[in-house]
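The structure appears right after this line, and notes come after that.
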Amino acid sequence: MTAVKGNAIVAQSGGPTTVINSSMCGVVEEARKHKCIQKTYGAVNGILGVLKEEIFDFGKEKPQDVAALRRAPAAAAGSCRYKLKALDKSRVDYERILEVFKAHEIRYFFYAGGNDSMDTADKVSKLAAEMKYDLLVMGVPKTIDNDLAYTDHCPGFGSVAKYVATAAMEAGRDTDALYTSDTCTVLETMGRNAGWIAAATGVAHRSPEDAPHLVYVPEAPFSVEKF
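So in this note's numbering, the last spot in the sequence shown is 240, and the numbers never skip.
Here's what the structure looks like:
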């Protein structure tokens, strides 16, 4: 397959993290190595930036500033939580996205985020194919929940795994310190329908006395009575 010449655009979505900036840095630096990609744009505030045509040229940024994204907090280009409607219900947003892409000769679309972002990338790709517009769409995985299909571990999960394991360890020590009363600490984690984050607290359990003593994940049946 012959590489299509044109421009690229990268956008961020979902929770702002250092990881999502590192991914953006990787996209921009790798794009510079390929002659088929003439310019790399960034979208301000994710897919909303594309819809509003609020984009900027990474070529105008100093290489050292782009490299600094690897350790920059939050989401450098801005993020959003905006789920596009199903294609069969509304094509307005999708057609607007392609309109902006055509105006700026964008042939490569990189979208970093979780499940909703991957869903958006898939729908944009399908509509581009339907409209016979050459567009390569790449989903850049970023979710602390670690719940994207076909991935072993997503960028973002390692950071939160370390965080919750440390939190469990500290909560366990605090609970042990309360000598004059019987105490129980319940630590609730994020994760939606996946138990990876909750399971990661088990890293803190290095001896029988260490917390956590019980870990409940959504993949396993839970009985309130037995609990």
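No residue lacks a Cβ here, since even glycine has one placed at the ideal position from N, Cα and C.
query                                                                                                                                                                          : result
Below 8 Å, can you find three or more Cβ-Cβ pairs linking the region 18-26 to the region 117-137?                                                                              : yes
In this structure, what does DSSP give as the bridge partners for Ile50?                                                                                                       : Gly19
With 16 other CB atoms within 10 Å as the buried threshold, where does Ser172 fall?                                                                                            : exposed
Leaving aside the five residues before and after Tyr107 along the sequence, list all residues of the same chain whose C-beta is less than 8 Å from its C-beta, in chain order. : Leu97, Leu100, Lys136, Val137 and Leu140
For Ile157, name the three-state secondary structure that DSSP assigns.                                                                                                        : coil
Please state the DSSP three-state secondary structure of Met182.                                                                                                               : helix
DSSP state of Phe122, grouped into three classes?                                                                                                                              : strand
Measuring only the C-alpha atoms, how far is Leu227 from Asp158?                                                                                                               : 20 Å
Which residue from Val199, Met37, Val230 and Arg186 puts its Cα closest to that of Pro222?                                                                                     : Just to set this straight, residue 222 is Glu in the shown sequence, not Pro. Of the candidates Val199, Met37, Val230 and Arg186, the one whose C-alpha sits nearest the C-alpha of Glu222 is Arg186.
DSSP on Gly55, reduced to helix/strand/coil?                                                                                                                                   : strand
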